[in-house]
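A.B. asks: Which chain is which? The protein sequence lines are A and B, in order.
First residue of the first sequence? That's 1028 in the working numbering, and the numbers climb one at a time after it.
First residue of the second sequence? That's 475 in the working numbering, and the numbers climb one at a time after it.
Glycine included, every Cβ here is placed at the ideal spot set by N, Cα and C.
In this text the structure is predicted, and so the values were computed from the model without any measurement.
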Amino acid sequence: DGGITQSPKYLFRKEGQNVTLSCEQNLNHDAMYWYRQDPGQGLRLIYYSQIVNDFQKGDIAEGYSVSREKKESFPLTVTSAQKNPTAFYLCASSQGLSPLHFGNGTRLTVT
Amino acid sequence: KQEVTQIPAALSVPEGENLVLNCSFTDSAIYNLQWFRQDPGKGLTSLLLIQSSQREQTSGRLNASLDKSSGRSTLYIAASQPGDSATYLCAVLPSGGSYIPTFGRGTSLIVHP
Chain A
1028 DGGITQSPKY LFRKEGQNVT LSCEQNLNHD AMYWYRQDPG QGLRLIYYSQ IVNDFQKGDI
1088 AEGYSVSREK KESFPLTVTS AQKNPTAFYL CASSQGLSPL HFGNGTRLTV T
Chain B
475 KQEVTQIPAA LSVPEGENLV LNCSFTDSAI YNLQWFRQDP GKGLTSLLLI QSSQREQTSG
535 RLNASLDKSS GRSTLYIAAS QPGDSATYLC AVLPSGGSYI PTFGRGTSLI VHP
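(1) Judging by CA-CA distance, which residue of A:1074, A:1126 and A:1054 is the nearest neighbour of residue 1088 of chain A?
(2) Is residue 556 of chain B helix, strand or coil by DSSP?
(3) Mind checking if residue 579 of chain B is an interface residue toward chain A, Cβ cutoff 8 Å exclusive?
(4) Could you check whether residue 508 of chain B and residue 520 of chain B sit closer than 8 Å to each other, using their CB atoms as the reference points?
(5) Is residue 568 of chain B helix, strand or coil when you go by DSSP?
(6) Return the CA-CA distance between residue 1111 of chain A and residue 1063 of chain A, expressed in angstroms with no decimal places.
(7) Do residue 540 of chain B and residue 551 of chain B have their C-beta atoms within less than 8 Å of each other?
(8) Please name the residue in A:1135, A:1038 and A:1120 whose C-alpha comes closest to that of residue 1032 of chain A.
(9) Would you decide whether residue 506 of chain B is buried or exposed? Buried here means 16 or more other CB atoms lie within 10 Å of its CB.
(10) Grab the span of the beta strand (DSSP E) containing residue 487 of chain B for me, first residue to last.
(11) Look up residue 527 of chain B in the DSSP assignment and say whether it is helix, strand or coil.
(12) Return the first residue and the last residue of the beta strand (DSSP E) that residue 586 of chain B is part of.
(13) Say whether chain B places a C-beta atom closer than 8 Å to the C-beta of residue 1077 of chain A.
(14) At 3 residues or longer, what runs of the beta strand (DSSP E) sit wholly inside the region 1099 to 1130 of chain A?
(15) With respect to the beta strand (DSSP E) encompassing residue 1134 of chain A, which residues constitute its N-terminal and C-terminal limits?
(16) Using the C-alpha atoms, what's the distance from residue 1070 of chain A back to residue 1106 of chain A?
(17) Locate the beta strand (DSSP E) running through residue 1069 of chain A, then write down its first and last residues.
(18) Determine the direct distance from the alpha carbon of residue 1065 of chain A to that of residue 1077 of chain A, and round the result to whole angstroms.
So this is what it looks like as structure tokens:
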């Protein structure tokens, strides 16, 4: 079945450590997105990529980094510069005007 | 800048009721509007996508309508069931080339037996 796989489902890190969240899709979609979701805040766009080897900052990119070396993969690194990294992170993909597809998310807890 | 608003923010209804969730957007220049369902701790599941040229889409007990000129969409759920309890989000895809969807904050629905 085609879809988006995010791993791990839960991630715990100590403050000051960088952590990388995985997002893999087998839908052959060109575009991929990372969102952050906090209670009462809705989805906020962190980074997006519309084609391999290219990506753009979203609304809240500070403290995050991404790469898009392969069409199917769009990993997100949460760096120690991110002030409040504890959140639910969602990865999505799309192709042109087709429906947006989401993974099941990664819940990151930093203590 | 496109803004998407969903009203009400929360809704609690008894099983069997027909209900309407609302989504409004400020810029009518859109390619499409998509409705999603999100269960607690999960990702978003696509329910319906309406292209800008369409007026409505139906899937089972769900019917979504779009009035682009007035910037409104509604999601109608017929004969609600406890299993419909979830958060429902809408997202609009703006025309003009960015292909970056804008999301509402969602309506949290509880259907009690």
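C.D. replies: Reading it off the structure:
(1) On the first sequence, position 61 is the one that residue 1088 of chain A refers to. Comparing Cα-Cα distances from residue 1088 of chain A to each of A:1074, A:1126 and A:1054, the minimum goes to A:1074.
(2) Reading the second sequence from its first residue, position 82 is the one you call residue 556 of chain B. In the structure shown, the three-state DSSP call for residue 556 of chain B is helix.
(3) Stepping through the second sequence from its first residue, residue 579 of chain B is reached at position 105. Yes, contact with chain A.
(4) Along the second sequence, read from residue 1 onward, the residue named residue 520 of chain B stands at position 46. Along the second sequence, read from residue 1 onward, the residue named residue 508 of chain B stands at position 34. In this structure, residue 508 of chain B lies closer than 8 Å to residue 520 of chain B by Cβ.
(5) Walking along the second sequence from the start, residue 568 of chain B turns up at place 94. Three-state DSSP puts residue 568 of chain B in a strand.
(6) Against the first sequence, residue 1111 of chain A aligns to sequence position 84. Against the first sequence, residue 1063 of chain A aligns to sequence position 36. Their Cα atoms are separated by approximately 11 Å.
(7) Taking the second sequence and counting its residues from 1, the one referred to as residue 540 of chain B is at position 66. Taking the second sequence and counting its residues from 1, the one referred to as residue 551 of chain B is at position 77. When the beta-carbon positions are compared, residue 540 of chain B and residue 551 of chain B stay at least 8 Å from each other.
(8) Here residue 1032 of chain A refers to the residue found at position 5 of the first sequence. Of A:1135, A:1038 and A:1120, the residue nearest in Cα terms is A:1120.
(9) Against the second sequence, residue 506 of chain B aligns to sequence position 32. The residue in question, residue 506 of chain B, is buried, as its Cβ has 16 or more Cβ neighbours within 10 Å.
(10) On the second sequence, position 13 is the one that residue 487 of chain B refers to. Run containing residue 487 of chain B: 484 to 488, per the beta strand (DSSP E) assignment.
(11) One-based indexing of the second sequence puts residue 527 of chain B at position 53. Looking at residue 527 of chain B - three-state DSSP - the assignment turns out to be coil, as it is neither helix nor strand.
(12) Counting from 1 along the second sequence, the entry for residue 586 of chain B is found at position 112. Looking at the DSSP string, the run of the beta strand (DSSP E) that includes residue 586 of chain B is 581 to 586.
(13) Residue 1077 of chain A sits at position 50 when you count from the first residue of the first sequence. Chain B contact via Cβ: present.
(14) Segments of the beta strand (DSSP E) lying fully in the region 1099 to 1130 of chain A: 1103 to 1105 and 1114 to 1121.
(15) For the purposes of this step, residue 1134 of chain A is taken as residue 107 along the first sequence, with counting starting at 1. 1133 to 1137 is the span of the beta strand (DSSP E), which, as asked, contains residue 1134 of chain A.
(16) Numbered from 1 along the first sequence, position 79 holds the residue referred to as residue 1106 of chain A. Numbered from 1 along the first sequence, position 43 holds the residue referred to as residue 1070 of chain A. Residue 1106 of chain A and residue 1070 of chain A have their alpha carbons spaced roughly 20 Å apart.
(17) As a first step, residue 1069 of chain A is located in the first sequence; it is residue number 42 there, counting from the start. Going by DSSP, residue 1069 of chain A is part of the beta strand (DSSP E) stretching over 1069 to 1078.
(18) As a working note, residue 1077 of chain A is residue 50 in the first sequence. As a working note, residue 1065 of chain A is residue 38 in the first sequence. Distance between the alpha carbons of residue 1077 of chain A and residue 1065 of chain A is about 25 Å.
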